[in-house]
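Numbering (our numbering), first residue to last: 27 to 201.
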Amino acid sequence: MRFTVMALTVGATLGGSAAWADPPKTLRVTESVEIKAPIDQVWATVRDFDSLNKWHPGFASDELVSGGNGKVGAVRKLTIKDGPTFTERLVAFDAAHHSYRYKIVESPLPIIGYASTISVRPGPAGMTKVIWSGSCRRKNPADNPPEAESDAGVTKLLKGVYRGGLDNLKKMLEH
Numbered sequence: 027m028r029f030t031v032m033a034l035t036v037g038a039t040l041g042g043s044a045a046w047a048d049p050p051k052t053l054r055v056t057e058s059v060e061i062k063a064p065i066d067q068v069w070a071t072v073r074d075f076d077s078l079n080k081w082h083p084g085f086a087s088d089e090l091v092s093g094g095n096g097k098v099g100a101v102r103k104l105t106i107k108d109g110p111t112f113t114e115r116l117v118a119f120d121a122a123h124h125s126y127r128y129k130i131v132e133s134p135l136p137i138i139g140y141a142s143t144i145s146v147r148p149g150p151a152g153m154t155k156v157i158w159s160g161s162c163r164r165k166n167p168a169d170n171p172p173e174a175e176s177d178a179g180v181t182k183l184l185k186g187v188y189r190g191g192l193d194n195l196k197k198m199l200e201h
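Below is the structure:
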């Protein structure tokens, strides 16, 4: 009896301390670009859920595997230029306000709970502003993960993806 009480006490203490460990925090990244082009032209370039590879140089292909462009619930399969693939689901689409939101379903990236929004807004003096924002948590819950899997590493990865796409979009549309 005494051993059972002791085992339960130790188990509760150890189990309870794990529950108090801090989970990875939510990371938020926002990048934007101003483009000298009409808002309708910019929106026409980015609005289709299967068009990311047409304006982002980091993606080799982007294909709808279910649903349709502008249809909430649509799923796309993205292939990164160096080979890995992942899937994303369209969770909101607002043509009137030029924005959509999507979430990663499966990914080789070191992140979980990723959701992102692409918005196209009128900018100053005939410019159009594109805002790409996202949030996620890092997949590795360790206190000291490898650099690429750390908060800083994940933030750097997302900023790089967003910048690569936005900068190329500007270059394409301002040619």
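Ideal Cβ positions, reconstructed from N, Cα and C, are used throughout, including at glycine. Since we're looking at a predicted model, the values are computed, not measured.
Whole-angstrom C-beta distance between residue j and residue i, which should lie under 8 Å
i      : j      : result
Thr181 : Val68  : No, Thr181 and Val68 are not in contact; Cβ-Cβ is about 26 Å, not under 8 Å.
Val131 : Thr113 : 4 Å
His82  : Gly190 : 6 Å
Lys165 : Ile137 : 6 Å
Val72  : Val146 : 7 Å
Three-state secondary structure (DSSP) of residue i
i      : result
Asp193 : helix
Lys103 : strand
Ala178 : helix
Leu53  : strand
Gly186 : helix
Gly96  : coil
Ser161 : strand
Status (buried if at least 16 other CB within 10 Å, exposed otherwise) for residue i
i      : result
Pro172 : exposed
Glu89  : exposed
Tyr188 : buried
Pro50  : buried
His201 : exposed
Val98  : exposed
Val91  : exposed
Lys196 : buried
Arg28  : With a pLDDT of only 44 at Arg28, under the threshold of 50, the placement of this residue in the model should not be trusted, and no figure is reported.
Ala121 : exposed
Thr52  : exposed
His123 : exposed
Ala63  : buried
Ala118 : exposed
Thr154 : buried
Bridge partner(s) assigned by DSSP for residue i
i      : result
Ala118 : Arg127
Lys155 : Glu60, Arg147
Gly109 : DSSP lists no partner for Gly109.
Glu200 : Answer is none; Glu200 lacks a bridge partner.
Ser142 : Tyr128, Gly160
The beta strand (DSSP E) enclosing residue i, as first and last residue numbers
i     : result
Leu90 : 85–92
Enclosing alpha helix (DSSP H) for residue i [first to last residue]
i      : result
Lys80  : 78–81
Asp169 : Counting along the chain, Asp169 falls outside any alpha helix (DSSP H), and DSSP gives it neither H nor E.
Asp66  : 65–72
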